Structures are given as C-alpha cells and as structure tokens.
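K.L.:
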C-alpha cells in the first residue's frame, strides 16, 4: 500500500452509530455481522470524484471514505489494551510462521547489494516490505488513538440511528437512541460536541416479514423526517446462504467473530440488498455527511477568524497567558468549545477533505497555542500533522524532517521528566509516521540519505520503552527489525548494522516470548555474518538459534545448526568436545520421539531395535569432491591411480600411426618412407587434439576386478575423529542399492579410520561388481557413534559445453560420468614390471649416450582369462626384445608385437629388453602395452613410465680418402672424442675403445700395422675426459661372403654379446626417414624460392614431368623402396661400424 493511500485510510471521517437490539439481531443472521460491520463493508468509494466546498474554494474528492463506529466501542483505548492488541498481532504472525513451517532457517549468505532482493524473497518478504504483518501492527497503533484528547480527528461528523422495521414502536426506538445520555462518555466529559446531525435508518428483513403487514416505507413516512436525513434499506432477501464475502479483509471492519462455513459473512444478502446498502451509504455520504462537514467547517472558520485572525487578535495573542489547568471543569485540558479545539477540529476537517493548505495553516496556529500552554503532547501531535500536510503537499524534505524531529524531541524530554506507559504509544505513532515518510521519500530519490533517517527514527522509537517492564515492549523489537530493514535498503547498504539490529530484535522477541520471530531474526543475521571475519558473532547467533529451535519443537533444525557450529573448527579442543557431547545428547533425545517435522537432510533409520539418525551432507569430516578419483589399476603389479591421458596421447598416436603404415605398406599401396612422412590426414588417422568417439561415455571396468575410489578427507576439529564403517554406496542398474543384504550385485569395503586433529588424509575405498551392468557411485557413508551416521553425496561438475552460443553464455556443463562404472565381462589382467639386476629401476635411471642397457621385463596375467596379442610401444627409446618371437610394426621400430605369446591365468614370463637412447638430458620413458583376450574382442592397455638421465659420452666422426697405393682401396679415418666431464662430477670419466665391428656385404675394414710401443706409450683406445683420438683403417672389397667383421682395439676386447644388428636396423630406419624428410624440406624450400621468380611455361612442364617420373619410380620400380626400413635388407646400401668402449656398447651408422 502506498503511503498516501495509507494516510487516507487511517484518517477518515467518523460516523457515530447507535443501533437498536432488534436491528443488531437481524444483522447477526449474516455470519454474525453487527450493524457497524455491515455498513463498514460498503463505506469505501474509490472513484467518487465528488466536489466539496472549502474556505478557499472547491475541491474534488477523488474518493470518499466513511467509517462507522458503534457507540459501545467509541471510547479511549488504554495503554494496556493497546499492548494486548499489538501482542496479539505479533503472536498471530508467530503462530503462522510455525504452523506453515515458514521459518527461514536456511539462507544463502548476503555479501553484495545484488544479493539483497533474493534474500528478502527468501525470508518471505518483498523488496518493499520484509515484514508482511507490519501493516496490521501499524493499524493497531493508529487505532489506539481513538478518542484521544490530543487530536480531533476522531470527532464524529454525524450520528446514525438504526432501528428495525420489526420494532414494536420504531418512533420510540429512534427517540431513545438519540438521547444525549446514550452518547459515549467522551461526549459527557466535554471532549466532543453533542450537537451532532442525526440520520435515521430503518432496516427491513425481507424474508422474516414476507408474510406480515409490516411496511418499512410507511414507518419511515410516519417519522416525518426530511428525505436527506434518513432512509430504508431492505436486507436478508435470500432464504439460502451464499458465499460473497467483502468483510474479512476490509480495513474498517474490526473484531469479526469467527464465521462458520455454512453461514459465511453476508450469506443472506442478495445482489439487490448489497446494491441498496451501497447506494444508501453513498447518498448518506454525499447528501448528508459532506454538507454537514461543509457547514461545520464554515462555522468553525468564523469562530477562529473572530478570535485568532486579524491584527488586533495577533497583538492579543502575544500577551496571551497559559491556560489555567488547576480549576478546570472538564477532565480534558481543552473542551470542544475552546478556541484551541475549534482550531484543531477545523484543521482535521480540512485534512480529511484534502484541503492541505488550510489544514497546514491551522495546525501551525494551534501548535503555537499548545506550546504557550505547555501542552506538549498536543504540540507534538500538531507537529506530526504539519509533517503529514507537508508530505501530502510535496513540501520540502527539510521542513518535514524538522517537524518530525521536533516531535521526537518533545517525547524524549517528556520521557526523561516522567516515564509513563502512554508516552510509549505516542512515541510509536511518531516513529511509524516518520519512518514511512522517510522511506517513501527515499524511494522517490534513491541517491538521498532519507533511508538512514528512517532507520534513526525507528531506533529512537525502539529505545523509548523498556521491554522488561512494559507491555508495549514489543514495539522495541518490531522497530529494531524495521530499522534493520532500512539499513539493508539504504543507499550504501549497511550489512553489519542489519545483522547487529536483527540480533538485538531477536533478543527482545525472545524476552517477550515470541520464539518464532526470535529464530527468524537470528537466522537472517546469520546470513549476514556467515563467511566473514566476525566468526564469534556467528557462533553466538548459531548457538542461540539452536536453543530457540529446540524450544519450538524443531530438534532437527537445531541439530543442523549445532553441526554447522561444530564443523566450523573455530573452537578450542575443550569447547569442541563439549559441543560434540551436547550434539550427541540432542540426537539421542530426538530419537526417542522423532515425530517432529523433519528436514530433507535428516533421515531416521530403524536399525533393529535401535534407531539411527542419518545426516546427509555431514561436515564431520570435510570431504573434497574435486579430489574424487575412480580407477582400477591398469598394471596388475602395482596399485596406482591411472596416469594422465594427455601424457600418453603421443604414445597412443604412435601405435595407431605405425599400425596404419604397416597395413598400407604391406598392401602395396605406397612406399614405406613416403608413408612415414605422410601427415595424419593422408593416413586417415584421427587428429590428436580432436574429440574421441567414446568421449563422455562411462569408463569400462572388468567383472570381478576391484574398483578403487580415492578422495581427500579433512578433520576440521581440534580433537580426534573416529569414522567407523566408512563405505561407498550407490545403485546397480539404477534400481538396486548397494551395499545391501538383499542382493549381492556389488560388494563394498568397510573401513574404520581415525583422523588426527586438523589432519588431511587420502582415503581409498573399494568395491567389486559381480554382475555385468552400470554401477553408479553416489557417495560415502560412515558412523560417528551408535546414534549418528553421516552421508556425503559426491557432486562432480562436467566439462563446459562450447558447442553453441547459448551453452557458452550460460556456462552449461555436460554430465559427469566419472562416478558411473560400466562393468564388462571378465578379461585378462596384465602386470608389467621392468627391473635391472633384480632391482627396481631408480628415478631417474642414469645412462650414457648410446649405451645399450639390458632390463628384465616380467609379465604376469592376474586375470581370469587367457591373454594374447601383446603389443608394446615406446617412442622415447630404441629397444630390442630378446627371447620370444617379435615383429616390428611400422617404419620406425617404435612398435613391436609378440604374436606367439600367450599367458594363462596366473602364468608369468620374463624377457630381456635391450634399450638405448641418443637424446642427452632428462626425459620420461613411456612404454605402452596393449593386449586382448584370446578372441581379440576387447583390448586393454598398461602404461609404464620411468625417468632417465642421459649423459654425454663418445662423439665419433669419420672421413674416407682414396688409398695412395691401391685404387681399389680406401682409408677410413675414425675420430673419437670423449665428451665426459672430469672426475669431480663423474666417478669414471675415462673410456676404453675395445673393438670395432663392421657390417657390409661388399666391404670390410682392416687395421694398419701399429707404429707405437704399447709398453712405452698409453694405447690410443683409452681416452680420458675431453680427450680425442683418431684411428685409421683400410677399406677393401669383401670376397669371403661374410657381412660382418670385428677388429680388436684393446687387450681386454671380447666378442660383443648384444644384438647390435637390430639396433643398426633401427638406426638405419631413423637415418633414412630423417634424410627423406630433409630432402623434402629442401625441395619445398627450393620450390618456394622458384615460385617467387618469373617462370616460363616450359619450366613448369619440365618440373611436373620430373615429379611424375619420380613418383612412378617410387611406386613401380625400386627394390630399396619396397624394403622395410627396419629390416636387415635395408642395410645393403649402407656401411656400418660398431665399436665397444669399456664394457658399454655404442653404435655408429654412416653412409
């Protein structure tokens, strides 16, 4: 409701009503309505547009309101009665909060101004008012000033006499009702004028008199009353009740008795009856009340003009003495016939008919008289009325503020001088008017500070009473809460003031016995102090609110709040132990009778003869959802989480590429080298950064194998926390829950762990599926003690969707399938282990450049089915598998298959793997093993990674010169440099060159005769760090049919034991691919340089012809192009030397 509408609803012309008992009886048929209540239901005309004569001219009233008050109710209200009515309003709203479970106990934290509207909606209010029942509270405060001597606003403007047509003597009844002795006591005491214009109304019950000779029109004619001074109204035309209620929510219908469903309010009034009543009230207001108001206003104006207006009267007012109060004849300071009462009544009548200028002048004039007479309460009310007139005239905000501040100052001084209960009522009225005016001005200009003024006025009103001793102490709580609401809506939102004042309001509500309102205030304050540094305030509010909820028979909510306080971890060890004991006691008491209203996060479970409280989202301990990891070990030898897929994408891509090259080359479509240099698109391979076909689907796990779920837990307390029966829970095939005693689809592991104070640990739980299907992991459960069990549901967000503009704008996420396990039929499970000298490989494994290291490869099948089709991939090292039959796949030698290898369940085998690296520095070596079952229907992978550090060793260069004495021979100069560091950094920096072995079908090498004495000179085959040596050999044609020959260079030389030939094949393949790549790059650079110059058409044609011939030769002709680069036949066109240095073997391939 707008403020102007509220002001006109509160300040309305009063009609005094006196009805006979018979008239009351026929009205009571309509659901217990009295005559007053019946007429008030038709007393508001919102579109009246009625002209009214005033002192300053004519004014058109946009609406007309009339309020009827019975003589029996027309009397002053004491402060005690007002307190009872105000407390009834608050208690009724408190009952509605608990009855409808509308207590806002779970609220999101409020941190910014953008959170305020949502916060107000969460607590059941709106941005305009957070207290829906505050309107009723205001109405009761304003109603308490009925017949108050400080104002003439309740002076009746007419007296309506109502009798029934069934009266024995209607004329006598009218006479008795109109006697002055029948008027209320305030008339007898001289507060109001008894000379009121009378209006005579005859009520006729149609149904009751339909078989009689009673004629209401004849009765009215016999009264000889002018037509404008009375009338006849027919009611109760219906014989059966109908539902058409206009009284329940009417602002002027008071003290309604409860109606029954069978007899609702106005049940026997037909539409014609209602129209007749409304017409009668309209004619009564327009033809009787308004003319009476006009006449009264002009008469009062003449009196005031004669006494107070003019220069002479103004001079007399200067020497006016204060009014004598000692020997007054009336109980009131100002009788109705005093000039002050006449001025006040003239001002109030002008305000009612909306002549605010006249009212403003009269209020100022009478205020000065009140001030001279020391009638401070009258003066304060005159200032209030001045502020209302200024507001309705859209006057200066500063003048309004001055008038209201003056009023508040008067009440403060009076309170100090004489603390009376009646002053609280007056101060509450001023507080309400001030706050409403300031708030409305702020809404018109949100950049002003008037909301702060409204808050200050409310705080001043709350401090005007002491809630310990006053029945009106409820005003203190209401105004404190209202002030907090103003602080929240101010131009600069004051969150801490709001929280503080809501806490104070909650304390007062609790002191007055209104626990629901106290709980609501504490809950709102928690939303402000949550996630702030004021944790002590938050703890105090939380503990107080928990106790309030226990008193409201809401133990589950109290337990939840107490858990929040315990889980914060902000207390000392002793305090936390005390809180835990209180928590366990509260739970045990609740489990004895859990009939109270529950909350979704709590569930009572029957565990045999005992009961257990299952608390969902229990904060003890704290579980980090982002740390959840679901996996089954890929390697049966070690229990480790799966590796990051991004690190292994290159290895997987190498496997796919080499297999594709093998397929295309063996089918004769393209050359090996051309395929090795082809981009992924030509090989029809998926892009490495593209989305895989199965992405987003649940991960597959094997039947009967253990699945691990790993997550981080933290103990927020300063004491030990024991978690018992910690286990996973979820569903199988979205139907059957696990763990369950009713089915055995999934078996979950139970653990007991103890968390040290403030400790963070990694918990690893397991489950085993016994049937094929989908297993969905929901979360974990545990037991804190015999009565309290906890549950935590995992919430894992999916990846952000980028496939549409809408998804990007809304930051939509795809479903996360991490917790969904697709159980497949049983498979073999491979375990892989690499060791050196029966010891685990160190990290990093140190080796020399080109060194051939021998590692032990152990394979074991720990699955339930046989294993076959083993393929291994490594793109970081050159490696050779010794033992089983193995084939090289592709053109680089990175992929090898073991087609004849099979492993039965539980069977293990060991092999030697020779490895070598030519990349200096540190790197991670990644082996990927792929295998399948016997029918090759499903593949599994085992990744194996370890770190290596490759150090510098021998660098070998060579030159070949023609022989000086034989044209068929050549001289090979082999220069060797020891690049190792000194002994302070490496223990054995020297290197010994033991032998030199060559591979060739056409050439062989022979040493020259030694010229140095080995006993005198150090042999050249021994090189210290950073030393170099050059060896010379004869290169002659081979005629013995062999392909290799070895020349000893050291006395300790022994035959080589490693598969040097296989490594030469791998080096040869790498050299061929690198040479082809360099040639292609050079050709591409030459072509680019030629394309930048002017060329003739003949040169372009020649180039195209040469390219066609070259392509034809590659696809049709050569033997070399059809030979696999990693095979021994590919070494035919190359010369190979092998030499060994100090028990470590190295390879050199030269063309």
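Residue numbers (UniProt numbering): 1 to 1151.
Quick reminder that beta carbons are idealized off the backbone N, C-alpha and C, glycines included.
Note that the structure is a prediction, hence the values are computed from the model and not measured.
I believe residue 65 touches residue 12 by the beta-carbon criterion, under 8 angstroms. Please report the beta-carbon distance rounded to the nearest angstrom.
P.N.:
Against the chain shown, residue 65 aligns to sequence position 65. Against the chain shown, residue 12 aligns to sequence position 12. Yes, residue 65 and residue 12 are in contact; Cβ-Cβ is about 4 angstroms, under 8 angstroms.
K.L.:
Do residue 500 and residue 277 count as a contact pair if the criterion is CB distance below 9 angstroms?
P.N.:
Residue mapping note: residue 277 aligns to position 277 of the chain shown, counting from 1. Residue mapping note: residue 500 aligns to position 500 of the chain shown, counting from 1. It is not a contact, given that the beta carbons lie outside the stated cut-off.
K.L.:
Is it right to say residue 843 is buried, meaning 16 or more other beta carbons lie within 10 angstroms of its own, or is it exposed?
P.N.:
Reading the chain shown from its first residue, position 843 is the one you call residue 843. Using a 10 angstroms sphere on the CB of residue 843, the tally of other CB atoms stays under 16, which defines it as exposed.
K.L.:
Buried or exposed: where does residue 451 fall if 16 or more other Cβ atoms within 10 Å of its Cβ makes it buried?
P.N.:
Numbered from its first residue, the chain shown carries residue 451 at position 451. Residue 451 is buried by the Cβ-count criterion.
K.L.:
Count the other CB atoms, across all protein chains shown, that sit within 10 Å of the CB of residue 914; report buried if there are 16 or more and exposed otherwise.
P.N.:
As a working note, residue 914 is residue 914 in the chain shown. Looking at its Cβ environment, which holds 16 or more other Cβ atoms inside 10 Å, residue 914 is buried.
K.L.:
Assuming residue 1050 contacts residue 994 (C-beta within less than 8 angstroms), just tell me the rounded distance between them.
P.N.:
As a position in the chain shown, residue 1050 is number 1050, starting the count at 1. As a position in the chain shown, residue 994 is number 994, starting the count at 1. Between residue 994 and residue 1050 the Cβ distance is about 4 angstroms, and since that is below 8 angstroms, they are a contact.
K.L.:
Closer than 8 angstroms by C-beta to residue 326: which residues in its own chain qualify, once you throw out the five before and the five after it? Chain order, please.
P.N.:
Sequence index remark: in the chain shown, residue 326 carries index 326 (1-based). Per-residue confidence for residue 326 stands at a pLDDT of 48, beneath the threshold of 50, marking its modelled position as unreliable; the derived number appears in the next sentence. So no residue of the chain qualifies.
K.L.:
So what's residue 715 in DSSP terms, helix, strand or just coil?
P.N.:
Here residue 715 refers to the residue found at position 715 when the chain shown is read from its first residue. The answer is coil: DSSP assigns residue 715 none of H, G, I, E or B.
K.L.:
Is the beta carbon of residue 174 less than 9 angstroms from the beta carbon of residue 180?
P.N.:
As a position in the chain shown, residue 174 is number 174, starting the count at 1. As a position in the chain shown, residue 180 is number 180, starting the count at 1. Residue 174 is not a Cβ neighbour of residue 180, given a cutoff of 9 angstroms.
K.L.:
Let me confirm a value: residue 22 is counted as buried when at least 16 other C-beta atoms fall within 10 Å, else exposed. Which label applies?
P.N.:
Position 22 of the chain shown, counted from the start, is the residue given in the question as residue 22. Per the 10 Å Cβ criterion, buried.
K.L.:
Label residue 454 either buried or exposed according to how many other C-beta atoms from any shown protein chain fall within 10 Å of its C-beta, with 16 as the threshold for buried.
P.N.:
Here residue 454 corresponds to residue number 454 of the chain shown, with the count starting at 1. With 16 or more Cβ atoms within 10 Å of its Cβ, residue 454 is classed as buried.
K.L.:
Taking the alpha carbon of residue 281 as the point to measure from, which residue in 300, 35, 477, 105 has its own alpha carbon closest?
P.N.:
Counting from 1 along the chain shown, the entry for residue 281 is found at position 281. Checking every option, the nearest Cα to that of residue 281 belongs to 35.
K.L.:
Could you name the residues that DSSP lists as bridge partners for residue 975?
P.N.:
Within the chain shown, numbered from 1, the residue matching residue 975 stands at position 975. 957, 1030, per the DSSP bridge assignment.
K.L.:
Put residue 708 into one of helix, strand or coil per three-state DSSP.
P.N.:
Your numbering for residue 708 matches position 708 in the chain shown. The answer is strand: DSSP assigns residue 708 an E or B state.
K.L.:
Taking C-alpha atoms, which residue in 207, 375, 444 lies nearest to residue 394?
P.N.:
Position 394 of the chain shown, counted from the start, is the residue given in the question as residue 394. Ranking the options by Cα distance to residue 394, first place goes to 444.
K.L.:
For residue 60, which of 370, 150, 286, 190 has the nearest alpha-carbon?
P.N.:
The residue given as residue 60 occupies position 60 in the chain shown. For the residues 370, 150, 286, 190, the minimum Cα distance to residue 60 belongs to 286.
K.L.:
State the Cα-Cα distance for the pair residue 562 and residue 583, rounded to the nearest angstrom.
P.N.:
Within the chain shown, numbered from 1, the residue matching residue 562 stands at position 562. Within the chain shown, numbered from 1, the residue matching residue 583 stands at position 583. If you take the alpha carbons of residue 562 and residue 583, they lie about 7 angstroms apart.
K.L.:
Could you check how far apart the C-beta atoms of residue 1070 and residue 892 are, in whole angstroms? I think they sit under 8 angstroms.
P.N.:
The residue you call residue 1070 lines up with position 1070 of the chain shown. The residue you call residue 892 lines up with position 892 of the chain shown. Rounded, the Cβ-Cβ distance is 7 angstroms, consistent with contact.
K.L.:
Given this structure, state the Cα-to-Cα distance separating residue 376 from residue 144, to the nearest angstrom.
P.N.:
The residue you call residue 376 lines up with position 376 of the chain shown. The residue you call residue 144 lines up with position 144 of the chain shown. One C-alpha to the other measures close to 19 angstroms.
K.L.:
Between which two residues does the beta strand (DSSP E) carrying residue 869 extend?
P.N.:
Position 869 of the chain shown, counting from 1, holds the residue named residue 869. That run of the beta strand (DSSP E) goes 868 to 873.
K.L.:
Distance check for residue 1066 and residue 668, CA to CA, integer angstroms please.
P.N.:
Mapped onto the chain shown, residue 668 falls at position 668. Mapped onto the chain shown, residue 1066 falls at position 1066. Taking the straight line from one Cα to the other gives about 22 angstroms.
K.L.:
To which residues of the same chain is residue 39 closer than 6 angstroms at the C-beta, ignoring the five residues directly before and after it?
P.N.:
Working through the chain shown from its first residue, we reach residue 39 at position 39. Around residue 39, the same chain offers 68 as residues with beta carbons nearer than 6 angstroms, after the five sequence neighbours per side are excluded.
K.L.:
Could you check what DSSP says for residue 789 in three-state terms: helix, strand or coil?
P.N.:
Counted from its first residue, the chain shown places residue 789 at position 789. DSSP places residue 789 in strand when its eight states are reduced to three.
K.L.:
For the candidate residues 47, 50, 1035, 147, whose alpha-carbon lies nearest to that of residue 72?
P.N.:
For the purposes of this step, residue 72 is identified with residue 72 of the chain shown, where counting begins at 1. If we check each option's Cα against that of residue 72, 147 comes out closest.
K.L.:
Helix, strand or coil for residue 27, going by three-state DSSP, please let me know.
P.N.:
The count along the chain shown starts at 1 and reaches residue 27 at position 27. In the structure shown, residue 27 sits in a helix (DSSP, three-state: H, G or I).
K.L.:
State the CB to CB distance for the pair residue 433 and residue 388, rounded to an integer number of angstroms; the pair is presumed to be in contact (CB under 8 angstroms).
P.N.:
Stepping through the chain shown from its first residue, residue 433 is reached at position 433. Stepping through the chain shown from its first residue, residue 388 is reached at position 388. Right, their Cβ atoms sit about 7 angstroms apart.
K.L.:
Going straight from the alpha carbon of residue 998 to that of residue 1052, what length do you get?
P.N.:
Residue 998 sits at position 998 when you count from the first residue of the chain shown. Residue 1052 sits at position 1052 when you count from the first residue of the chain shown. When rounded, the distance between both Cα atoms is 19 angstroms.
K.L.:
Can you tell me where the alpha helix (DSSP H) with residue 408 in it begins and where it stops?
P.N.:
Against the chain shown, residue 408 aligns to sequence position 408. Taken as a continuous stretch (DSSP letters only), the alpha helix (DSSP H) holding residue 408 covers 397 to 417.
K.L.:
What residue range does the alpha helix (DSSP H) around residue 7 cover?
P.N.:
The residue labelled residue 7 in the question sits at position 7 within the chain shown. Where residue 7 is concerned, the enclosing alpha helix (DSSP H) starts and stops at 3 to 10.
K.L.:
Under 8 angstroms by Cβ, that's how I've got residue 728 and residue 782 pegged, so tell me the actual separation to the nearest angstrom.
P.N.:
As a first step, residue 728 must be located in the chain shown, where it is residue number 728. As a first step, residue 782 must be located in the chain shown, where it is residue number 782. So it is not a contact: roughly 11 angstroms between Cβ atoms.
K.L.:
Using CA atoms only, rank isn't needed, just tell me which of 245, 814, 96 is closest to residue 271.
P.N.:
The residue labelled residue 271 in the question sits at position 271 within the chain shown. Of the candidates 245, 814, 96, the one whose C-alpha sits nearest the C-alpha of residue 271 is 245.
K.L.:
Looking only at its own chain, which residues have a Cβ that is under 6 angstroms from the Cβ of residue 807, when we skip the five neighbours before and after it?
P.N.:
Start at 1 with the first residue of the chain shown, and residue 807 comes out as number 807. Cβ within range, chain order: 801.
K.L.:
What do you reckon, are the CB atoms on residue 268 and residue 290 nearer than 9 angstroms?
P.N.:
To locate residue 268, count along the chain shown from 1; it is residue 268. To locate residue 290, count along the chain shown from 1; it is residue 290. For residue 268 and residue 290, no; Cβs fall outside 9 angstroms.
K.L.:
Taking buried to mean at least 16 other C-beta atoms within 10 Å of its own C-beta, is residue 156 buried or exposed?
P.N.:
Within the chain shown, the letter at position 156 stands for residue 156. With 16 or more other Cβ atoms within 10 Å, it is buried.
K.L.:
Smallest Cα separation from residue 907: which of 939, 865, 924?
P.N.:
Residue 907 sits at position 907 when you count from the first residue of the chain shown. With distances taken between Cα atoms, residue 907 lies closest to 865.
K.L.:
Could you tell me which residues DSSP pairs with residue 1160 in its beta bridges?
P.N.:
In the structure as shown, the chain begins at 1 and stops at 1151. Residue 1160 is therefore absent and cannot be evaluated.
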